[in-house]
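K.L.:
Residue numbers (this note's numbering): 12 to 359.
#1: Please classify residue 264: does DSSP put it in a helix, a strand, or coil?
#2: Is the beta carbon of residue 192 less than 9 angstroms from the beta carbon of residue 179?
#3: By how many angstroms is the C-alpha of residue 347 removed from the C-alpha of residue 133?
#4: DSSP on residue 76, reduced to helix/strand/coil?
#5: So what does DSSP say about residue 21, is it helix, strand or coil?
#6: Along the alpha helix (DSSP H) that carries residue 236, what are the first and last residues, could you check?
#7: In terms of DSSP beta bridges, what is residue 297 paired with?
#8: Please report how far the alpha carbon of residue 253 lies from the alpha carbon of residue 349, in whole angstroms.
#9: Going by C-alpha distance, which of 311, 324 and 301 is nearest residue 8?
#10: Just to check my reading of the structure: residue 212 and residue 258 have Cβ atoms closer than 8 angstroms, yes? What is that Cβ distance to the nearest angstrom?
#11: Just confirm the distance between the C-beta atoms of residue 163 and residue 152, as a whole number of angstroms; I'd bet it's less than 8 angstroms.
#12: Considering only the beta carbon of each residue, do residue 189 and residue 141 sit closer than 9 angstroms?
#13: So what's residue 291 in DSSP terms, helix, strand or just coil?
#14: Please report the distance separating the alpha-carbon of residue 280 from that of residue 288.
#15: Taking only beta-carbon positions, decide if residue 89 is within less than 9 angstroms of chain C.
#16: Just verifying my parser: in three-state terms, what is the DSSP assignment at residue 194?
#17: What is the DSSP secondary structure of residue 65, reduced to helix, strand or coil?
#18: In the DSSP assignment, the beta strand (DSSP E) including residue 204 goes from what residue to what residue?
#19: By the DSSP assignment, the alpha helix (DSSP H) with residue 161 in it spans what residues?
#20: Using only the alpha-carbon positions, how far apart do residue 94 and residue 342 sit?
#21: Run through DSSP, which three-state label would residue 96 get?
#22: Just confirm the distance between the C-beta atoms of residue 324 and residue 104, as a whole number of angstroms; I'd bet it's less than 8 angstroms.
#23: Have a look at 234, 227 and 177 and flag the residue whose alpha-carbon is nearest the alpha-carbon of residue 205.
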């Protein structure tokens with residue numbers, strides 16, 4: 012199978028980083044281990060003032076450079092064999108999502124069935140990564156998916172606002188895990204973050220991570236409310252230092268949701284975090300990614316910015332409800348030479 016390996020981008024920012032790490036962090040990177048933070052990062056979380064100094068000590072993101080590089084990556088065209096691989100990879104990266112007040116057990120069962128067999132007429136079509144639902148629908152999704160290998164993800168912690176007491180957020184998380192969730196998508200308290208109460212947000216993530224047990228934790232920033240790329244970078248480092256397995260752009264309930272420049276900043280953060288700690292953290296853009304063309308732009312960015320190690324569903328996901336159908340339409344077109352039409356696949 013051909014690997015998805017785009018060539019270099021003709022952009023003045025293609026081969027450089029938008030920002031560099033503080034020297035004090037880099038020199039302590041050798042003492043990092045898979046089991047914990049380096050002494051420099053551990054010290055940064057020892058108090059509210061220390062964490063504020065660390066996060067605000069990170070050099071500012073070059074807004075013009077980040078947006079120019081994202082735009083350059085978005086112009087990439089890839090060959091047919093690479094496109095076929097990219098479409099199947101994107102399907103495997105989808106967290107097929109329904110987060111509506113009108114969700115019913117029947118809708119969740121249908122979604123889970125689609126997750127396992129996205130194209131019932133083509134047994135070569137891969138499964139998606141996960142089905143993402145509210146906590147009260149986890150058991151339904153888990154029963155339907157069985158031993159298929161498709162994960163069950165659940166939003167928690169007073170999604171989408173994050174406005175609840177910590178004990179309620181932890182109970183929300185524990186309920187989802189006990190119902191069978193493999194992954195928890197939590198939301199940070201944006202009010203606390205924007206007020207500069209970074210240690211409060213950090214400790215909340217740590218507590219939710221503990222409540223997750225063996226379930227993986229995705230931390231949602233709601234980047235449309237964070238206002239600046241600097242805040243996106245700070246939130247990325249804060250969440251990773253607190254133990255997030257994934258960092259996620261958005262709930263899908265606020266616009267703008269996922270964007271290429273925001274995802275670029277987050278990909279740079281996970282790349283640099285691994286350079287410092289040796290630990291990989293995944294990235295999940297969510298909201299507004301609807302077409303195959305959009306998905307491929309993100310995959311190109313992953314390859315160019317973070318590297319090929321992240322081109323895997325364990326390390327990169329798409330939070331989407333409508334993207335899958337377009338991927339399936341494009342896949343059918345490439346395999347048969349004709350479009351199947353939008354009504355060929357079920358509406359989610």
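We treat Cβ as the ideally placed atom computed from N, Cα and C, and that holds for glycine.
P.N.:
In this structure, then:
#1: Coil.
#2: No, the pair does not count as a contact, with Cβ atoms beyond the cut-off.
#3: Between the C-alpha atoms of residue 133 and residue 347 there is a straight-line separation of about 11 angstroms.
#4: Note: residue 76 maps to helix in three-state DSSP.
#5: With a pLDDT of 35 at residue 21, under the threshold of 50, the modelled position of this residue cannot be trusted; read the value that follows with caution. Reduced to three states, the DSSP call for residue 21 is coil.
#6: Going by DSSP, residue 236 is part of no alpha helix (DSSP H) at all; its letter is neither H nor E.
#7: Answer by DSSP bridge pairing, in chain order: 330.
#8: The C-alpha of residue 349 is placed about 48 angstroms away from the C-alpha of residue 253.
#9: Outside the shown range of the chain, which is 12 to 359, sits residue 8, and nothing can be said about it.
#10: About 13 angstroms separates the two Cβ atoms, so there is no contact after all.
#11: About 5 angstroms separates the CB atoms of residue 163 and residue 152; that is less than 8 angstroms, so the two are in contact.
#12: At a Cβ-Cβ threshold of 9 angstroms, residue 189 and residue 141 do not count as neighbours.
#13: Residue state, collapsed to three classes: coil.
#14: In this structure, the straight-line span from the alpha carbon of residue 280 to that of residue 288 is close to 12 angstroms.
#15: No chain C is present in this structure, which holds just one protein chain.
#16: The answer is strand: DSSP assigns residue 194 an E or B state.
#17: Under the three-state reduction of DSSP, residue 65 is assigned to helix.
#18: Boundaries around residue 204 are those of the alpha helix (DSSP H), 201-205, since no beta strand (DSSP E) includes it.
#19: According to the DSSP assignment, residue 161 belongs to no alpha helix (DSSP H), since it is labelled neither H nor E.
#20: Going by the C-alpha atoms only, they are around 9 angstroms apart.
#21: It is helical.
#22: Rounded, the Cβ-Cβ distance is 5 angstroms, consistent with contact.
#23: With distances taken between CA atoms, residue 205 lies nearest to 234 out of 234, 227 and 177.
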